[in-house]
Structures are given as C-alpha cells and as structure tokens.
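A.B. asks:
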Amino acid sequence: MSIKFKKLTLAETLSLFSLILFLLISLLNTTFYARYISGAIYNVAILTSVFLLIVKELINNKFDFQKAISLLGVIIVYALVGSVTGFLSTLAISIIFIFSLRDISFKYVARTSFYISLFTLIFVVLSSQIGLISNYVEFSEGRIRHYLGFRYSLFPSTVMLNIIASSFFLAQDKVSYKRLFFLLLSTIWIFYQTDSRLTFISSLLLLGINLVVKWYPSILKSSRLLLKTFKLTYIVNAFLSYLIAKMYLSFSSPFLNELSKNINQFLGGRIYYANRSLNIYGYNLFGQKINWIGNGLDINGQRGLSEYLYVDNLYIQILQRYGLFVLVILLLIFTLTLHYLLKQKQYVLSLILIILSFHAMIDDLIINLHYNIFLILIGTLMNQNQSAFEENLQLDNGEK
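Written out as structure tokens, the structure is:
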C-alpha cells in the first residue's frame, strides 16, 4: 500500500522545518553530544525555530478574538513555566510549538517526530558503540545500566516509547509485521541494555495493542464505551498520585500500608521519594524552584554528589515545580483534548493519550515534546478551523 504525499504549503514547510530543528537540538542535548553544543549554538537553534513559527503565524493566520484569547493563555503558561525552567528551555518552547502547530496536520507532525526520533536514536546509539561518544555504565544495587550515549538510562527507552506510539498512530491496522518485529527487537535490546523496566512495559503494551488492532481493526471502535470511561483519567491519576504519595505508610489500614510499600518497591522507590519531596517542599499556587537531584549526568559525564531526591511522577512534579494553577490548567486541557478526540472517534489517539496518562505516574519525561509528540494534540482546543483539523487527523490508507 503506497503512502500518499501532497505538496506542502509554505506554512506547513516552515512549521515542520522548525519542528525538525527543535527536535534535533533537544534530543542531542540529552546525549553526550551536548558537550559540542555550546550555549550559543543551542540558543541560536531554539530562536531560529521560534522565528520560523512566528513567520508562519504572520503569513497563515488572521488575528481575531479567539486567537487572542488562546495566545493570552499560552503567554501566561509560558511565563510561569519559563520563570522556573528558563524561557529558552525545551519545556517552555514546547508550549509555543503546541500553539503554533495547532492547524498543521498531525499526520505530518507525528511522521516528522517518528523519523527524527528514530534517526537520532540510531545515530546516538551507534556513536556510543563505536566510541565517538561515551557509553556510560551504571552499577547500582545489582543492576547494570548502559546509557547508550545518552546522559541517563531512561532517555533512550523514552525516545523508543515515543517512536512506538507515533508508529501506532501512523500505521494503525495497516502496520506491517516487519515494522512490529523491528520495533519489538529494538525495544527488547534497549531494555536489556538500560534495564528501564517500567518504560519497557509501556512500550510492550502499545506494541501488543497495535498487533491486536492489526488482527481486529474494529476492536477499538467496538470498545468505545470502555474508552469513554477513561475521560477523566488525567484528573483521576493526578489525584491518586498525590493521595498515594502523601499517605505513603500513613494509612490507617495495615493492608494499605503494606500494599503501598510493595508497589513502591516495584516502582523503584518512586512513591517514597515523592512523599519525601512533598514533606520537604510542599506546593503552592504558582510553583517554586526546586533542585531535585537525580541520576542524570552533566555533559562531562559527572553526576551530582548530593543525596538523591527526584520526583518521577509527572503530576506531583508539575504540582511542586510549576504550582497548582498550572497543574489544574494542564489537567483540564488534557481532559478536554481526550474528550474531543473521543467525540471525533479518534480511538487510536485516545488510547495513546490514556496509556500516557498512566505512564505519567512513573515518568516525568513525557512532558517534553521531544519525548512525547502527542502534546501537540492540545492545540486542537485552540484551532480555529476545526473541520480542517478533523480532516487532517484522518488516515486514508495508513502507512507501512
């Protein structure tokens, strides 16, 4: 089955070129190639990508009330996030991309992310294997973890998760066994090298569902009522995350305490560290600067000497670092986006967002656009031409 191409408009060309530049510089900055990317090079690349988006907005959109309201909301969230992470940080700039790519075909966006992520992952891993950059090896509590050229062992597995999710959306029931086999082998090999158990489980889940969808193309449509029961999954998972972390080993029931202890052990201590962080820093309305200490390395391969304390739960991290206001806004936006996709019968996209809502309970990395291209879907709520966006989401023949 052939892949159909159509001539890109100037706005689409500018947007996708900007996205390519942003994804490349963001992904490479998480690897040991970061030592060759000076602050000036990074800043120029980021500013260039933003400039291209501004040009795209000027030539492609008329300024009206709806756009003004959306832009105001984006500016507020950008200011709050930028005040904590830096206004040129990948997270802050991701907010600009979500706004600007709202009227660009998500097929093009996902396809761009798929190939850039795949190329970068292969390039970095091969570079680490032939000695161009370091392949850091961590020995901890009986675990051997190869970083594969990245500055933390979870980075390559999370890139792989994004590749698998993008492939699922693009190919759906038309996916080839060859592609599934390649993705499965790659996932297993990365897991064997990095020992990233939880991300490995999420990746296998997506691959397994993609295989089932290939065998039974109508299964998601038949399961639409089940999918709709997860409309509030982001809100529910955020509440459960806070409740479980805050009440860790403090439940009145010995059974619940023992259960939470066992779950914490399975999750690699994530609940314990979230509980400790909440007790130390608490949270406020507009966030605070918190210097969590994780296992990530700097560009020279050095790890911080301070005591480890890092929050992997995305919901709690947003609550503490960016504040209750930003968390509530994001939860509402994700919930409305999921509701819209279910309403438009975009069941594959809906399922991916649902799975990511659970994955967010154990992995904060997916708040970054270079690890989770599906953040762009938030822009559906700001798109002025809903009929055009609905057409953009349709997959005529799938991809091989």
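Add 117 to the 1-based position in the sequence shown for our numbering, that's all there is to it.
Every residue gets a Cβ at the ideal spot worked out from N, C-alpha and C, and that includes glycine.
#1: Can you give me the Cβ contacts of residue 471 inside the same chain, cut-off strictly under 8 Å, excluding the 5 residues immediately before and after it?
#2: Quick check: what's the CA-CA separation for residue 118 versus residue 434?
#3: Comparing C-alpha positions only, which one of 273, 363, 268, 462 sits nearest to residue 418?
#4: Is the stretch 404-413 touching the stretch 370-381 in the sense that three or more CB pairs, one from each, lie closer than 8 Å?
#5: Using only alpha-carbon positions, find the residue among 342, 336, 389, 341 that is nearest to residue 360.
#6: Just the C-alpha distance for residue 131 and residue 195, rounded to the nearest angstrom, thanks.
#7: Assuming residue 439 contacts residue 198 (C-beta within less than 8 Å), just tell me the rounded distance between them.
#8: Pick from 423, 319, 412: whose alpha carbon is nearest that of residue 254?
#9: For residue 298, which three-state DSSP category applies?
#10: Is residue 476 helix, strand or coil when you go by DSSP?
#11: In the DSSP assignment, find the beta strand (DSSP E) that holds residue 255 and state where it starts and stops.
#12: Please name the residue in 264, 476, 133 whose C-alpha comes closest to that of residue 311.
#13: Starting from residue 587 and walking both ways along the beta strand (DSSP E), at which residues does that stretch end?
#14: If you run the structure through DSSP and keep just helix, strand and coil, what is residue 426?
#15: Taking 7 Å as the limit between beta carbons, can you name the residues of its chain near residue 499, skipping five residues before and five after?
#16: Over the uninterrupted alpha helix (DSSP H) stretch that includes residue 456, give me the two end residues.
#17: Start and end of the alpha helix (DSSP H) containing residue 409?
#18: What's the gap between the Cα of residue 463 and the Cα of residue 424?
#19: Considering only residues of the same chain and omitting the five flanking positions on each side of residue 515, which have a CB-CB separation below 8 Å?
#20: Rounded to whole angstroms, what's the CA-CA distance from residue 325 to residue 185? Just pull it up for me.
#21: For the alpha helix (DSSP H) that contains residue 325, what are its first and last residues?
C.D. replies: To lay it out plainly:
#1: Excluding sequence neighbours, residue 471 sits near 344, 347, 350, 455.
#2: With a pLDDT of only 39 at residue 118, under 50, the local geometry of the prediction cannot be trusted, and no value is derived from it.
#3: Distances from the CA of residue 418 to each of 273, 363, 268, 462 were compared; the closest alpha carbon is that of 268.
#4: Fewer than three Cβ pairs drawn from the stretch 370-381 and the stretch 404-413 lie within less than 8 Å of each other, which leaves the two stretches out of contact.
#5: Ranking the options by Cα distance to residue 360, first place goes to 389.
#6: About 22 Å.
#7: Indeed they touch by this definition, with Cβ atoms about 6 Å apart.
#8: Of the listed residues, the one whose Cα sits closest to residue 254 is 412.
#9: Correct three-state label for residue 298: helix.
#10: Helix at residue 476.
#11: For residue 255, the uninterrupted beta strand (DSSP E) run begins and ends at 254-257, by DSSP.
#12: Nearest to residue 311 by alpha-carbon distance, out of 264, 476, 133, is 264.
#13: Past the boundaries of the shown model lies residue 587; the chain is included only from 118 to 517, so the question cannot be answered.
#14: Looking at residue 426 - three-state DSSP - the assignment turns out to be strand.
#15: Cβ neighbours of residue 499 beyond the five flanking positions: 187, 216, 219.
#16: Where residue 456 is concerned, the enclosing alpha helix (DSSP H) stretches over 441-460.
#17: Membership of residue 409 in any alpha helix (DSSP H) is not indicated, and neither H nor E is assigned to it by DSSP.
#18: The straight-line gap from Cα to Cα measures roughly 45 Å.
#19: Here residue 515 scores only 48 on pLDDT, less than 50, and its place in the model is too uncertain to base an answer on.
#20: Approximately 43 Å between the Cα atoms of the pair.
#21: Note, residue 325: alpha helix (DSSP H), 314-332.
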